[in-house]
Each structure stands twice: as structure tokens, then as C-alpha cells.
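To keep things clear, I will list the structure first and then write my remarks on it.
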Ligand code: ASP
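In the working numbering, the protein residues as written are 35 to 378.
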């Protein structure tokens, strides 16, 4: 049986073309994309595609679009062996994280890819990324089950777990990296999968799609010199339920009493605050320094090694499911889709 792969084209640079008048890159349609990669036809796969009615620059992505992608996967789940999502790079890590939570019990590959240069350009990285993503979506283990059973980002030389990846470069072809989790595969002459890093599902439960995301969340990024009025103002943002607090180093913050009181007051009001480091590598180590310790005492949850993208989308997901703040806090301390490592 030929592998059956569904490509879901959402937009992004990979499918863009230069507007002759303005010189700006604008999304184009899928037929153009496939015309530029005749090699796709050399793969002995059954490939079908659907595209967003209006392909997007991924800066315009929002939870409605995530849901649209998830519903397409749900609808065609049984008819295809794997899914390739073509997406802009700017918010790809957010979409990958969101989908990893929305697609519960996923045991087929959802490979998200895009490119830094449009697929129609001579030096494009889009062609290679598309072909490799298709090959990864079609790959099988010795027992016949899909090699990748999760949402992953394929970019240039690596396959990353979607909810562990971050866009690291606006310029380099190797634009993504997962700083706290090994690559799922290295792409060289061959595709070398890393079985220890790949997710394996023991029980085959039916796919469950939970699309509802609650956008009542925000980032609060600390900087030396942040003022009490600014912090209190941010923490009092109307209709906010959850905050990802971007802290220094291993989860640190100013130790001034006004800082503690502002955070403590916010937690008392029922706000869920998740402590995530500003560092790209490593994570929050509770109890290592006074600041991180103080945040826990105030009621803040430690985010350990979670990425900012996974943190904010996990909050959206947990509130979207309808959980109460105390329940959300509990789930933040448990991996839902391999997004966090908590060492005891
Ligand atoms: N602005 C583009 C997007 O995210 C960038 C890209 O695709 O590389 O849609």
C-alpha cells in the first residue's frame, strides 16, 4: 500500500510570491506551490491536499486557525497515514504546541514545515523541507506503526517535537531548535530517527480533538528596573485568567517586598501565574534562589523547562477545557504531550 499523506497548506513564506508592484511577499495558492516542486510526484505516495481559503502570513494565525487545522486532521484521520502542515515560520512553534494539546491520543504523524525562502526561488529551502516532511510523514517502524506519533516541526536538518521547538533565527535555514529536548531525527544523507526521543503510544485510544482555547492569557516579561506600578497594572489587566511570567535565569525575580506582594495579591485573586525562564536553554529550578522560591510561596507555578510557546498555549488549552484555576495549576505540573520534564 502506498503511504497516504494529506498536505494542509495554511500559508507562510513557503507559498508566497513577490507582488510585482510593492515587492512584498504575499501568500499564493497551493497549485503554484506544487508546480514548483515537480519532485513531489516522484515520491510513490498518494498525496492529497487542502488549503486555507485565504492562505496566511503566520503572524495572522489565531486559535480559530489552529482549530481549523485540527478539525481537518480529525475529519481525515482514518483516510490518511500522515499529515504535513505547511505553515509560516513566525508562529509555527505556537501552532505546533497548540495542536499537540488539541490532538489528544494522536498516534499518526503531524509534521509542520515551511521555509525561509519562497518555494519558487532558486535557492529555496522550501523544496527540501516539503519533500523531507512528506518522507517523515510516511516513515514506519519495524512493526508497521508510524515512526512519528506526535506533532513535530521539520526544518532543514532536524525534526523537533513541536511543543519543544522555538524559532531561533529569522535568517538561517536551520531556523528552529529545541533547547531542552533532543531532536526526533537528524536529516543528512539519510533521515536518522532518534527512537529514545520519539513518543510511543502504548494504548491506542481514539483521537480526541479539543479545540476550545481561551485567549484570556498573556506574557509578562521582567526586566531590571521594572516598576511596581507597571507590574501591578499588568497583573490587573481586565479579563485575564493566566499569565506566563518570563523570569531571569533559573526562574528568578526581584526580591523586593513590593514585588512579592504584587504577585501574591494576583495569585490570591485567582490568577494562574506560570514561571518560565527568559533563557533559551535550561529552565526554572524551584528553590535554587530566593527569588524563585519566593514566587512559589506567592502561589506561582514553576514551568521547569517548558518553552514560552508551549506555556502560553497550554494555559489557553487548560482554561479552554473549562478547568478552574486550581485544576489548571495541577495540570501545568504534568506533561500532556511531552512538553515538560520535571525531575523529582
Ligand atoms: N512571515 C512569514 C510567516 O510566518 C515567515 C515565514 O514563513 O518564514 O508566515
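Beta carbons: idealized from backbone N, C-alpha and C, even for Gly. Here the structure is a predicted model, which means the values were calculated and not measured.
Taking 7 Å as the cut-off, the C-beta of residue 47 counts as close to a heavy atom of ligand 1. In this structure, the CA atom of residue 375 is about 45 Å from the CA atom of residue 53. For residue 230, the closest C-alpha among the options 224, 219, 240 is that of 219.
With respect to the 8 Å criterion, residue 146 and residue 121 are classified as neighbours on the basis of their beta carbons. A check of alpha carbon separations from residue 253 across 284, 356, 268, 78 identifies 268 as the nearest. Between residue 48 and residue 148 a beta carbon distance of about 5 Å is seen, short of the 8 Å cut, so the two are scored as contacting.
At least one heavy atom of ligand 1 lies less than 7 Å from the C-beta of residue 124. Note that the stretch 201-213 does not touch the stretch 60-69; fewer than 3 beta-carbon pairs, one per stretch, sit closer than 8 Å. Inclusion of residue 93 in the 7 Å shell around ligand 1 follows from its C-beta lying nearer than that to a non-hydrogen atom of the ligand. Just measuring C-alpha positions, the residue of 37, 46, 112 sitting nearest residue 77 is 37. When the Cα atoms are used, residue 196 and residue 55 turn out to be separated by approximately 37 Å. Boundaries of the alpha helix (DSSP H) harbouring residue 353: 342-354, taken from the DSSP string. Here residue 167 is not bridged, per DSSP, to any residue.
Taken through DSSP and simplified to helix, strand or coil, residue 297 comes out as helix.
Nearest to residue 286 by alpha-carbon distance, out of 312, 105, 349, is 312. 8 Å or more divides the Cβ of residue 75 from the Cβ of residue 116. In this structure residue 137 is in contact with residue 241, their Cβ atoms being roughly 7 Å apart against a cut-off of 8 Å. C-alpha of residue 239 to C-alpha of residue 140: approximately 8 Å in a straight line. For residue 192, the enclosing beta strand (DSSP E) covers residues 192-195. In this structure, ligand 1 has no non-hydrogen atom nearer than 7 Å to the beta-carbon of residue 169. Beta bridge pairing from DSSP links residue 60 with 51. For residue 171, the number of other beta carbons within 10 angstroms of its own is at least 16, and it is reported as buried.
Note on residue 35: under 16 other CB atoms within 10 angstroms of its CB, so exposed under the neighbour-count rule. The three-state secondary structure of residue 213, taken from DSSP, is coil.
In the same chain as residue 295, and ignoring 5 residues on each side of it, no C-beta atom comes closer than 7 Å to its own. Across the set 300, 168, 50, the C-alpha of 168 shows the shortest separation from the C-alpha of residue 73.
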